[in-house]
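First the structure, in the form of structure tokens, and then the observations on it.
Residue numbers (my numbering): 22 to 291.
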């Protein structure tokens, strides 16, 4: 398996998770332009490194593309001849680029999977949305699932447009929670709490709430009710959120996110 751009943060997290979960490090090749950064990454993970993309994919069955969307076309066109001839499974980690673009850039008949991981993959608690193009086998889908499971959980979508919804929920979702945490920390500080204490309490509370929600056998609405006593402090705070339109605002923001993902697909599909 070859990761082009493998020493970057996201690909690096995936590689690290795969190695930690038992995938043989000596069967992974990471490529990159920065020799020192690449060497440090390979020394840390035990994978092979290369600064030559074409040489790296010479015998690869799986090629993972992990470069910025803005340079993806250039990368694909530089490896297209070899990929088109051998037709390895191609997994792309880039947001916003539709399969149709990859098919033009790499050639028809190449099996392609779009993977949309999120940043918590860096700490092994990520979510990766997956969509398979035509010609992808069950065995190849299993490879992508294994890769995603190494850094969290995987979710396959039936339609490519489903990736936009994954982006709206989990791809961009960490930023929503960070925004809420930031607002809580700011509010606590304004109320007189030391900022470091406010941050410590806020982050631990968020961590605890997430762990409780994952472990519980009831939905989050019930968990919310479990914290609320009639006419109590939590009920008053939640009522303020609801009166302020928080549910509607969240829906609108997620809708905007999904719409922007669709717009980016059109912009990058050139």
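Glycine included, every Cβ here is placed at the ideal spot set by N, Cα and C. Please read these numbers as outputs of a predicted model, since none were measured by experiment.
- Just so you know, the alpha carbons of residue 86 and residue 48 end up roughly 17 Å apart.
- Residue 34: member of the alpha helix (DSSP H) spanning 30-41, first to last residue.
- Here residue 97 really is in contact with residue 127; their C-beta atoms are around 5 Å apart, less than 8 Å.
- Out of 249, 159, 173, the CA that lies nearest to the CA of residue 36 is found in 173.
- Spatial neighbours of residue 81 in its own chain (CB-CB distance under 6 Å, excluding positions within 5 residues in sequence) are listed in chain order as 23, 109.
- Taking the C-beta atoms as reference points, residue 122 is found no nearer than 8 Å to residue 149.
- When C-beta atoms of the region 184-204 are compared with those of the region 221-228, three or more pairs fall below 8 Å, so the two segments count as touching.
- In the three-state reduction of the DSSP assignment, residue 111 falls in the strand class, which pools E and B.
- Counting only the Cα atoms, residue 210 lies some 45 Å from residue 112.
- With a cutoff of 8 Å on beta-carbon distance, residue 133 and residue 282 are scored as not near each other.
- A direct Cα-to-Cα measurement between residue 247 and residue 255 gives close to 10 Å.
- Under the DSSP assignment, residue 138 falls in the beta strand (DSSP E) whose first and last residues are 133-138.
- By the beta-carbon neighbour count (other beta carbons within 10 angstroms, threshold 16), residue 185 is buried.
- For residue 174, the secondary structure class from DSSP, reduced to helix, strand or coil, is strand.
- In this structure, 146 is the residue among 259, 206, 146 with its C-alpha nearest to the C-alpha of residue 235.
- If you compare the alpha carbons of 268, 217, 252, 264 with that of residue 242, the shortest gap goes to 268.
- In terms of Cβ geometry, residue 182 and residue 278 do not form a close pair [threshold 8 Å].
- Spanning the alpha carbons of residue 263 and residue 93 requires a straight line of approximately 43 Å.
- 28 is the residue among 52, 89, 28, 44 whose C-alpha sits nearest the C-alpha of residue 62.
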